[in-house]
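Notes follow once the structure below has been shown.
Number of protein chains: 2
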Amino acid sequence: MKNLIELHKEQFIEELIDFLKIPSISALSEHKEDVQKAAAWVAESLKTIGMENVEVIKTDGHPVVYGDWLHAEGKPTVLVYGHYDVQPADPIDLWETPPFQPVIRDGKVFARGATDDKGQLFLHIKALELLMKEHGALPVNVKFCIEGEEEVASPNLGPFIDQHQEKLSNDAVVISDTSFIDRDLPAICTSLRGALAMELTLKTANSDLHSGTYGGGVPNSIHALVQLLDSMRNEDGSIAVEGFYDGVPEPTPELRSEMAEIPFDEARTKEQLDLDALYGEEGFTFKERTGIRPTLEINGITGGFQGEGLKTIVPKEASAKISCRLVGEQDPQKVFEAVERHIEAHKPTGAKVALRQFIQANPVSIDSNHPMIQTAADAYEKVYGRRPLFPKEGGSIPIVEVFGRVLDSPVVLMGFGLPSENLHAPNEHFHLENFTKGMETVCEYLQSLGRK
Amino acid sequence: MKNLIELHKEQFIEELIDFLKIPSISALSEHKEDVQKAAAWVAESLKTIGMENVEVIKTDGHPVVYGDWLHAEGKPTVLVYGHYDVQPADPIDLWETPPFQPVIRDGKVFARGATDDKGQLFLHIKALELLMKEHGALPVNVKFCIEGEEEVASPNLGPFIDQHQEKLSNDAVVISDTSFIDRDLPAICTSLRGALAMELTLKTANSDLHSGTYGGGVPNSIHALVQLLDSMRNEDGSIAVEGFYDGVPEPTPELRSEMAEIPFDEARTKEQLDLDALYGEEGFTFKERTGIRPTLEINGITGGFQGEGLKTIVPKEASAKISCRLVGEQDPQKVFEAVERHIEAHKPTGAKVALRQFIQANPVSIDSNHPMIQTAADAYEKVYGRRPLFPKEGGSIPIVEVFGRVLDSPVVLMGFGLPSENLHAPNEHFHLENFTKGMETVCEYLQSLGRK
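Same order as they appear, the protein sequences are chains D and F.
Residue numbers for the first sequence follow the numbering used here, beginning at 52 and rising by one.
Residue numbers for the second sequence follow the numbering used here, beginning at 52 and rising by one.
In structure tokens form, the structure reads like this:
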């Protein structure tokens, strides 16, 4: 299989570049057509490799692309999930080359969506093409379910899965949308944090006011907002919202020592990201803080005059985007309500506050001993020469919990990204070595499942 | 004179509308040509009314317009100061009619700059035109010094005055850029707060980071910024920056009772501005907080993702615009250094901070018993039927202190605006009744000075 990959590599990379050129940003309505275009592109590429029943299925948002090949009688069925949408590209001026003009440098392809998730998704499609070429058939039954709203928290995929349980039924859901621990240190992620995103808007007056005439005598929306936001965090880095930690499990000594074994190079991380210091909840390590502890982070803030120069106003309104990562038995809805209560209780004088909810996702925990996962680990070991670790990831893939719950499927998070690949940031890239080794690993995995 | 004003009123309003159509926003470089255009417009209108030696004089920024008429031998010389530049118009969507398409409604002209300061400046020019028409000469010597950078704190007018002391020498500087207490309750302002404007930028990393991968484990620039900003104010509304209050005089019982006499309708202010509450330094009234107490206000804040929807990042950078109003013997430079020290002492973990200074202006206090001011008060009394009050204004006109210090002139702040005229805010307007009564008052004042 390795030789076959080598033979077609250049062509596959050309095709990936073609895919990466489509600015399929799901969060921005002006890119709606691009998102549609990416869906059509995926559908076409599924047809090309011999997938059947390929459909671009409408939802209330961006469409789901489905396709299957179900002729491996008696063999297991694998559902491949991925997403063809990407994050917004801003701040655009920090990209060394334009986000939607893919460029290869030092064995990496640079483009928005390179690692998250177009590169990782496309390697599955190409792996199946190679298996088809080599054997005229696939070793297992395969279904694709590719969405276009992962970066906006999959609002329509949950209902879609609910409505198409039979169509999507499977023996394992395979997702490549996570990362290695480090180069040559593969990982199958076995837990994902849940998510909750909110927008807090605070108003004090019906108009911006002259800071000479009114300054010092009326509430200032930005002062009020910073006071309110600052009240949500304690000095020790913990979250001060009452009830926030309900359902958060105390990590067992076993888990803590397991996590301590996963390598983390603090000095290198600080240097790479130009951090003066790490910072987080007291009493926990970086791996714990970002993997098994919940967070509340301000993602954006805006208010008052932001142009060039100055404008001496008392601003009437300010707002902040806030998101939480949740773990264990934390319930997103209850956390939202706890934040609402906190805001009500800490509302500064003269502040009119509104809290809007964007998304919710439950935390997920996966048993690493499941045979579907252990077989995947075997495949990695064969290709990379090293058995993957089973880390607790800090990210959220909201739909993973739904796959597990609604379809009762084991979810195999076989990632091929690297943590340094700037996902959600400028200069996102994907190491082409993992594009090809990823294909090899997928081929190995499916063949191995077919032999069982 | 009243009849003459009545006769020409419509034409003068037409001309004012023409002036207001020029978007001479000094803070925005894209409006540089408009600012030049406004300067030329003012110069032209000075020539038209018979002013001599009219010049548009270059500076390192926007030009100063000068003109004089010096044929009233043995009579005092009045220097009229005003500004032809205006504030930015945003938020543009809150204007009922476009800011640079002046409209008259209910006896008011709506446009950016209507009251601040084009309307108030232009009434001086037109008053002189009428005096010339009526008498073929002016009762006093007059000089105009009209700048285009007042809204960006007059960075070049200070040096200009320094360099042109002889040219600008006078017996009184007359400025109409302040407000009545209320309709039919005129005021000659006798103190102005000083000003200090700053921009605080805080960085934590070299890139926005994925909040799933890094959230909870690295410093968040917005969390750090809100913590730092919140630390600058105490719960009682006072400023927590050590040394901030150095040089702030304790108000005497006399001053407090004098200020208490100036009417303030709290209920109406709250209703007009849709304020749930007033807010400020404990132990002081609204008039004191906005008139004789110093302030530190956040005018704008920005950081992280601000687009539609969400982006789950740990933002690398955030910034805030901050401005202070200063009183008494507060020294802007020392206050700046106190803020710098506060930031250094309260800097959150992992924060790299830069504080940039925009502008500085010293506080000003004017003796209301000066004959030049008392004569102006007589003129108001004659036209409005009521003697003006002498309030302590909360605003800053940075150049007033320079006029007093460098030219040793009494400064007569004879305002014709109303506090409700939305200066620096959307739907700025100017009451046309004060446009005409203002002309009458100015004519009365100059004639009276000429008789002495």
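Yeah, the Cβ is synthetic: ideal placement off N, Cα and C, and Gly gets one too.
Nearest CB-CB separation between S308 of chain D and chain F: not below the 7 angstroms threshold. Contact between the segment 487-497 of chain D and the segment 155-165 of chain D is not established, with fewer than three Cβ pairs separated by less than 8 angstroms.
For A427 of chain D, the CB contacts under 7 angstroms within the same chain, skipping 5 residues up- and downstream, are I239, V463, M465, Y496 in chain order. For R437 of chain D, same chain residues with a beta-carbon under 8 angstroms away, outside a window of 5 residues either side, are D235, L236, P237, Y431 in chain order.
Taking the Cα positions, V86 of chain D is about 12 angstroms away from I197 of chain D. For L377 of chain D, there are no neighbours in chain F by C-beta distance under 7 angstroms, as the nearest C-beta there is about 11 angstroms away. Looking at the DSSP output, Q411 of chain F shares a beta bridge with F:L247. Here the segment 202-220 of chain D does not lie against the segment 374-383 of chain D, with fewer than 3 beta-carbon pairs under 8 angstroms apart. Secondary structure at E293 of chain F: coil, using DSSP grouped into helix, strand and coil. The alpha-carbon separation between L469 of chain F and E479 of chain F amounts to approximately 11 angstroms. Of all residues in the segment 311-331 of chain D, only L324, D325, L326, D327, A328, L329, Y330, G331 come within less than 7 angstroms of chain F when Cβ atoms are compared, listed by chain position.
Its Cα nearest to that of K488 of chain F, the residue F:K433 stands out among F:E81, F:K433, F:S282. I273 of chain D belongs to the set of residues whose beta carbon lies under 7 angstroms from a beta carbon in chain F. Think of a sphere of 8 angstroms around the beta carbon of D259 of chain F: the chain D residues whose beta carbon falls inside it are P142, H475, A476, P477, in chain order. Apart from the 5 residues on each side of it in sequence, P190 of chain D sits with its Cβ closer than 6 angstroms to the Cβ of L497, Q498, G501 in its chain, given in chain order. Between the alpha carbons of F295 of chain D and L121 of chain D lies a distance of about 46 angstroms.
Shown in chain order are the members of the segment 345-364 of chain F whose Cβ falls below 9 angstroms from a Cβ of chain D: P345, T346, L347, E348, I349, N350, G351, I352, T353, G354, G355, F356, Q357, G358, E359, G360, L361, K362, T363, I364. Nearest to F211 of chain D by C-alpha distance, out of D:L260, D:S242, D:H113, D:F151, is D:H113. In terms of Cβ geometry, A256 of chain F and L324 of chain D form a close pair [threshold 7 angstroms]. With its beta carbon at least 7 angstroms from every one in chain D, Q381 of chain F lies outside the interface.
Against F409 of chain F, the close residues of chain D are G360, L361, in the order they occur along the chain (beta-carbon pairs closer than 8 angstroms). In this structure, A94 of chain F lies near V116 of chain F, with their beta-carbon atoms less than 7 angstroms apart. Setting aside the 5 residues that flank it on each side, G355 of chain D is surrounded in the same chain by I273, P366, each with a C-beta closer than 6 angstroms to its C-beta; the list follows chain order. For S96 of chain D, the enclosing alpha helix (DSSP H) starts and ends at 83-99.
Chain order gives no chain D residues near A389 of chain F, where near means a beta carbon separation below 9 angstroms; the closest approach is about 17 angstroms.
For I108 of chain D, the enclosing beta strand (DSSP E) has its first and last residue at 103-108.
P142 of chain F places its beta carbon 7 angstroms or farther from that of I313 of chain F. The beta carbon of K338 of chain F sits closer than 7 angstroms to those of M310, I313, F315, all from its chain and outside the five residues before and after it, given in chain order. Taken through DSSP and simplified to helix, strand or coil, T400 of chain F comes out as coil.
Pairing I176 of chain F with L361 of chain F, the inter-Cα distance amounts to about 53 angstroms. In the assembly as shown, K254 of chain F is a buried residue. Its beta-carbon has 16 or more other beta-carbons within 10 Å. Per DSSP, reduced to three states, the secondary structure at N485 of chain D is helical. The beta strand (DSSP E) runs of length 3 or more contained entirely in the segment 153-209 of chain D are, from start to end of the chain, 154-156, 159-161, 192-198. The beta carbon of H134 of chain F sits closer than 6 angstroms to the beta carbons of D168, E198, E201 from its chain, once the five residues preceding and following it are set aside; these are given in chain order. According to the DSSP assignment, G118 of chain F belongs to the beta strand (DSSP E) that extends over 115-120. Pairing D228 of chain F with N350 of chain F, the inter-Cα distance amounts to about 22 angstroms.
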